[in-house]
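Undergrad: When the letters of the sequence shown are read in order and numbered with the UniProt record's numbering, they come out as residues 1 to 353. Just so you know, even glycine gets a beta-carbon here, dropped at the ideal spot from N, CA and C.
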Amino acid sequence: MSKDGFVPKDLLEKLAKEGNEEAKKTLVQMDTIEQKKTKEKNSDDAENSDDAEISPSVAPTQAKREIYDSGNTEDFKKKLVRKEGNPPTSDENVNFAYDLSGQTLDYFKNKLGRNSINNEGMDLIFNVHYGIKMNNAMWVPRLNQMAFGDGDGKLFINFTRSIDVIAHEMAHGVTEFINELVYEHQSGALNEHFSDVLGSAVKQHVKGQTAETADWLIGDEIVGPEFPGKALRSMKNPGTASQFDHQPAHFDHYKELPLSKDNGGVHLYSGIPNKAFVLVSLEIGTDQAAFLWYTAFQNKQIIHPNATFEEAFEAIVHAADMLTSQGKLPQQAVDTVKNAFHEVGIPSRIPKS
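1. Rounded to a whole number of angstroms, what is the C-alpha to C-alpha distance between Lys338 and Val280?
2. Would you call Glu331 buried or exposed, if buried means 16 or more other Cβ atoms sit within 10 Å of its Cβ?
3. Grouping DSSP H, G and I as helix and E and B as strand, with all else coil, what is Pro56?
4. Would you list the residues sitting across from Met146 in a DSSP beta bridge?
5. Identify the continuous beta strand (DSSP E) that holds residue 357 and give its terminal residues.
6. Quick check on Val7: does DSSP put it in helix, strand or coil?
7. Hey, Gly345 and Phe277: beta-carbon distance below 7 angstroms or not?
8. Out of Ser260, Met170, Ser242, Pro273, point me to the one whose CA is closest to Val140's CA.
9. Work out the CA separation of Asp152 and Met134 for me, nearest whole Å.
10. Helix, strand or coil: how does DSSP classify Leu257 here?
11. May I ask which residues mark the beginning and end of the alpha helix (DSSP H) holding Ile166?
12. What do you reckon, are the CB atoms on Lys78 and Ser90 nearer than 7 angstroms?
13. Here's a check: name, in chain order, each residue in its chain whose Cβ is nearer than 7 angstroms to the Cβ of Ile33, leaving out the five neighbours to either side.
14. Tell me where the beta strand (DSSP E) around Glu283 begins and ends.
15. Enumerate, from N- to C-terminal direction, the unbroken alpha helix (DSSP H) stretches of 4 or more residues contained entirely within the stretch 199-269.
16. Are there 16 or more other CB atoms within 10 angstroms of the CB of Gly188, so buried, or fewer, so exposed?
17. Between the alpha carbons of Lys352 and Ala249, how many angstroms are there, rounded?
18. Using 10 angstroms around the beta-carbon of Ser116, count the other beta-carbons present and answer buried if the total reaches 16, otherwise exposed.
19. Sort Leu198, Ile67, Ala97 by Cα distance to Met235 and report the nearest one.
20. DSSP state of Ser33, grouped into three classes?
21. Please work out which residues of its chain come closer than 8 angstroms, Cβ to Cβ, to Asn95, disregarding the five sequence neighbours upstream and downstream, and give them in chain order.
22. With distances taken from CA atoms, which of Val317, Gln288, Thr324 is nearest Leu112?
23. Do Gln29 and Gly173 come within 7 angstroms of each other at the CB atom, strictly closer than that value?
24. What does the alpha-carbon distance come out to for the pair Val165 and Gly219?
25. Leaving out five residues on either side along the sequence, give the residues of the same chain with a beta carbon under 6 angstroms from the beta carbon of Asn158.
26. Out of curiosity, what's the CA-to-CA distance linking Pro258 and Gly264?
27. Quick one: what does DSSP say residue 420 is sitting in, helix, strand or coil?
28. Nearest-angstrom Cα distance between Lys230 and Thr240?
29. Excluding sequence positions up to five away, which residues of its chain have a Cβ less than 8 angstroms from the Cβ of Pro305?
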C-alpha cells in the first residue's frame, strides 16, 4: 500500500465530490506519481533477481541537496535549479526547500544521531512546482524523491514554505528505511504518527519553541484563506484543527475501517499516539521524547511492518527503560510513557505506573 501525500487522499476525494476542480486535478497528479512508483518497482524487481550481483558496501557520505523545478509539469528532475553549496535563487520556493531540508538534516544529525534519510548520507532530491496548483506534498517511495505542489492559493498555499511539511515527508523516508511500516490500518497510522512526531519536533527546534509554548499544529503554515480551519491536525487536541478534522484522542473511538477509507484510517487514528507523544513531551521535553520515539521505532523485533499501537507502546516503554538506565533520559521517563499511553486508552498488558 503506497503512501498518500501530506494532505489525506480521502479529504481531496471529499472536496472533489463537492466540485472542487483543483482537488480533482491533484488526485490525477497523485495517480501519475503512483504510476511512476509502480514502474520503478517493476524495474527494481527485474534487476534484483536471485543471480544479481551484490554491490559492495559503501562508506557513509554527507548528504547533498538537489532542488529541481518541475515547471508545473509532472516530470521529476526536470531542471536542476539549486544544488548543495549554491547561493539562493530568485525563487523563494526553491530556497525554502533547500534551507528547511538543511535544518531538518541538522536536527536528524544533532538530535537523533542519524545521517540523512537512510542513515548513510542519502542525497535529498526535491521537485518543486510539481503539477499545476497541486494541493499536496509527497515522499515518493522507490524513487527516493519528494514532490511539492504550489497549492491552489485558496485551500492550500505553497507546500515548501513549512518546516513541518518538509520534515514530515523526510520522516516518511526514514520510516521506509527503518521498518517499512505498511501504510494501512494501525501500522499506517503509526507511519503517519512518526512523521508528525519528527515534523513537530523539528518545527519546535527551528522556531525556538518548547512543548509548553508550541501550538502542536500540523500543516498550519500551508492552509490557505478559504480553508475552514487553522491546520490539518492538532497533536495536542486531536479533532479540533478544522471542520475536516475528525481525529479521536482516545482508543475507545477506534474502529476498523475499510482500506477505501483513508487506507483504514491512517490519518484519522494517528491522532491517538500523537496525543500520547504530546503528553510525554510535556513531561520530559520534545527533543528527548523525539529521541525516545526514534530509538523505539528502530526496534524491528517489536516495530515490524504490520505493528500495532500496542506493540508501539511496548517498544517505547522498552526504549525508555534502556535510555534511562544509560542516563540519556530522566528517571521518570518510563512512568511518563506508561501514563501517557494509558491516558489515551491504547490497550496493553503493561500496567499503569
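TA: Let's see:
1. CA-CA distance, Lys338 to Val280, rounds to 9 angstroms.
2. For the record, residue 331 in the displayed sequence is Gln; it is not Glu. Here Gln331 is exposed, its C-beta having fewer than 16 other C-beta atoms within 10 Å.
3. With a pLDDT of 43 at Pro56, under the threshold of 50, the modelled position of this residue cannot be trusted, and the question is left open.
4. Paired residue(s): Phe126, Trp139.
5. Absent from the structure is residue 357, since the part of the chain shown begins at 1 and ends at 353.
6. DSSP places Val7 outside both helix and strand once states are collapsed to three, so it counts as coil.
7. Cβ atoms of Gly345 and Phe277: not closer than 7 angstroms.
8. Out of Ser260, Met170, Ser242, Pro273, Met170 has the C-alpha closest to the C-alpha of Val140.
9. Here the alpha carbon of Met134 sits roughly 7 angstroms from the alpha carbon of Asp152.
10. Coil at Leu257, not helix or strand.
11. The continuous alpha helix (DSSP H) containing Ile166 extends over residues 163-178.
12. No, they are not a contact pair.
13. Excluding positions up to five away in sequence, the list reads Met138, Val140, Ala147.
14. Per DSSP, Glu283 belongs to no beta strand (DSSP E); it is in the alpha helix (DSSP H), 271-284.
15. List check, alpha helix (DSSP H) in window: 262-265.
16. The residue in question, Gly188, is buried, as its Cβ has 16 or more Cβ neighbours within 10 Å.
17. Rounded to the nearest whole angstrom, the C-alpha separation of Lys352 and Ala249 is 18 angstroms.
18. It is buried - the Cβ of Ser116 has at least 16 other Cβ atoms within 10 Å.
19. Nearest to Met235 by C-alpha distance, out of Leu198, Ile67, Ala97, is Leu198.
20. This sequence places Ile at residue 33; Ser is not what is there. Helix at Ile33.
21. Excluding positions up to five away in sequence, the list reads Arg82, Pro88, Thr89.
22. Nearest C-alpha to Leu112: Gln288.
23. In this structure, the beta-carbon distance from Gly173 to Gln29 does not fall below 7 angstroms.
24. Take the alpha-carbon of Val165 and the one of Gly219: they are about 7 angstroms apart.
25. Short of 6 angstroms from the beta carbon of Asn158, and not among the five residues preceding or following it, lie these beta carbons of its own chain, in chain order: Asn93, Asp150, Gly151.
26. Taking the Cα positions, Pro258 is about 5 angstroms away from Gly264.
27. Since the first residue of the chain shown is 1 and the last is 353, residue 420 is not available in this structure.
28. For Lys230 and Thr240, the distance between alpha carbons rounds to 9 angstroms.
29. Short of 8 angstroms from the beta carbon of Pro305, and not among the five residues preceding or following it, lie these beta carbons of its own chain, in chain order: Asn179, Glu180, Leu181, Val182, Ser187.
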